Structure formats: C-alpha cells, structure tokens
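Protein sequences appear in the order of chains A and B.
The numbering used here applies: residue 29 is where the first sequence begins, and numbers increase by one.
The numbering used here applies: residue 29 is where the second sequence begins, and numbers increase by one.
Number of protein chains: 2
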Amino acid sequence: MTIDKSLLTGSTTMLILKLLDETDMYGYQMIEELSKRSNNAFELKAGTLYPLLHTLERKNMLISYEETADNARVRKYYSITTNGRKHLKEKKEGWKAYTTAIDDVLGGAGFGPA
Amino acid sequence: MTIDKSLLTGSTTMLILKLLDETDMYGYQMIEELSKRSNNAFELKAGTLYPLLHTLERKNMLISYEETADNARVRKYYSITTNGRKHLKEKKEGWKAYTTAIDDVLGGAGFGPA
DNA sequence: TTGACATATATAGATATCCTATATATTATA
DNA sequence: TATAATATATAGGATATCTATATATGTCAA
C-alpha cells in the first residue's frame, strides 16, 4: 500500500468483494484494478491477496475456475457468491458506521480547521 | 469496539491525539470521551489504551504528569507535544486520503446503490 | 460493614491483518 | 538471451488490537 498502512485493516476484503460484485476477475487483475481505481493509493501485494482469496473461497464467499487466455496462459478467475454479496453489504454498512464515528470524533465532515 | 474491529487499525492513535489536542486528559477519561463522541461506536479497551499511551510517550508525542483529584485519587494526565501535533496532522491527512481511495473504489460518496 | 460496582492503571498472551521474502513458471521485450 | 512483466503460491515476521488478569481506591446499597 502507498497509504500509511497503519490506517487500514479489514477493508481489503471489502474492496475485493466490491470488484467481484461487478465482474469475475483473476488475482493479478484485481491488484491492477484496485491500484487504478484508487489512483495508486492501493498497491495490494500478491502476498496479501492470494492467501486472502483462498480464505474467502474457503468461507464460501467466492468460487474459482480456471480459464485459458488468448496467449495460452492459464488464469484463475474468482466469482462472488450470494453469501459473498451478503458479506459485502455488511462490510459496507460497517465501513459507513466507522467513518461516521471517526469524523464525529475529529469534529465534523470537514475535519474542522486543519 | 462495537464496530467490526476488522475495519480498523492505526486510527486509535489519531483519535487519542485529537482528544489531547483539545485538552489534557487521563486514560480512563479518554475511553469515556471517545465512547461519548462516537455514540458508543468506539469502546476502547483499557488493555489497548494504556500500552498505546506508553508507546506515544516513549515516542515523544505525549508527556504525562500525575495529579490528585478532589477525592484524593491520583490520576495520570497526558499532554500532547509539538511532535504529537505534527503527527496528528499527518494522520488526519492520511485518513482523508484513505477514505477517499476507498470511496473511489466503492463508487462515489454515497457508495452507489446499496 | 461488607459486598458489589465504578474508577483507574498496568501487563501478558492471543489473534488477525498485512507485509516482505521467496519460489515457480510463462510471455513479452530489448 | 537476458530482463521485465505477468501470474499464482507459501512461509515467516511485524503490528494493532483484543481478552484476561492483576492491583488498588472510592462509592453506594443491603
């Protein structure tokens, strides 16, 4: 991550599920897409992503299948499940509650005077 | 924390520094104030707070002094240093960048359709 | 007056998240 | 033909926060 990593935790799962809520993707693609959409703020590491994908699959939030690309390279695609969508919804609600609470402490939407 | 704890990390330091940016406080008071300001979203545990305060003091972001209350109970007050204020400013900027990046991925300020 | 609960601080050990480092293999480019 | 980019994977370590536990005082009700 480019962003101060001590400000995170747990949101990676939400972001991955959000991407897959739109379309099936393979791991490497998720890393690039996250980086692109966040203007390079998120530079998710492969060593973070792959174990996370395995965990989410084990928890039945994702399923995977292999597909061969034009260049004969085999890619492992992930697809979100109903259970995964439910979890995403909960995570988004949690995220909203969390940012609201932080902003309440910091003193309003604009964070008050800098 | 009442909020899904896997959505946090590192923000505790920012919140503590923010409280102390306003006035000197003792540990137990911070726990109560954080809970109050966030509508009970943050219920910081003593086991989280005290070691964190010791760490921040060691890093010269805070200094502490003891004071005896009316009821003869001794409290340990913390005061933010110039270094601490500088760190708070950086944390706030980091938090802003982080939430912006998340919202970019989630699809806009309102998170798009629920 | 004693027991329970709130106040107040502290440390040890467990858990979860994310990182770096490393490994493997293919494809594209210089 | 060497190097970088693509693509997935695991091991081991760092860090943040938690639970559990310990200690001690103040307050209030039975």
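Using N, Cα and C, we set each Cβ at its ideal position, and we do this for glycine too.
Only a predicted model underlies this, so the values are computations on that prediction, with no experimental measurement involved.
Partner residues in the beta bridge of Val102 of chain A, as assigned by DSSP, are A:Thr96. In the pairwise beta carbon analysis, the segment 114-129 of chain B is classified as touching the segment 37-49 of chain B: at least three pairs are separated by under 8 Å.
For Glu85 of chain A, the enclosing alpha helix (DSSP H) starts and ends at Ala74 to Arg86. Buried is the label assigned to Ser66 of chain A, since at least 16 other Cβ atoms lie within 10 Å of its Cβ. Straight-line spacing of the CA atoms in Leu77 of chain A and Ser39 of chain A works out to 12 Å. It is roughly 44 Å from the alpha-carbon of Ile91 of chain A to the alpha-carbon of Met58 of chain B. Under DSSP, the beta-bridge partners assigned to Met53 of chain B are B:Tyr106.
Chain-order list of chain B residues neighbouring Leu80 of chain A: empty, with the shortest C-beta distance near 12 Å, by a criterion of under 8 Å.
Scanning chain A for C-beta atoms nearer than 8 Å to the C-beta of Arg65 of chain B yields Asp132 and Val133, reported in chain order. With a threshold of 9 Å between beta carbons, Leu90 of chain A makes no contact with chain B. Per DSSP, the beta-bridge partners of Ile91 of chain B are B:Ser107. DSSP, read as helix, strand or coil, puts Glu71 of chain A in coil. In the structure shown, Gly122 of chain B falls within a helical segment according to DSSP collapsed to helix, strand and coil. A residue is called buried when at least 16 other Cβ atoms come within 10 angstroms of its Cβ; Ala129 of chain A meets this threshold and is buried. Residue contact with chain A for Thr128 of chain B: present (Cβ-Cβ distance below 9 Å to some residue of chain A).
Residue-level contact check: Ser107 of chain A does not touch chain B, since none of the beta carbons of chain B fall below 9 Å from its beta carbon. With respect to chain A, the C-beta atom of Met53 of chain B has no partner C-beta closer than 9 Å. Annotated three-state conformation of Gly135 of chain A is coil, per DSSP. In terms of beta-carbon proximity, Leu62 of chain B lines the interface with chain A, with at least one pair separated by less than 9 Å. Within the same chain, and ignoring the five residues on either side of Tyr105 of chain A in sequence, the residues whose Cβ sits closer than 8 Å to its Cβ are Asp52, Met53, Tyr54, Ser92, Tyr93, Glu94 and Glu95.
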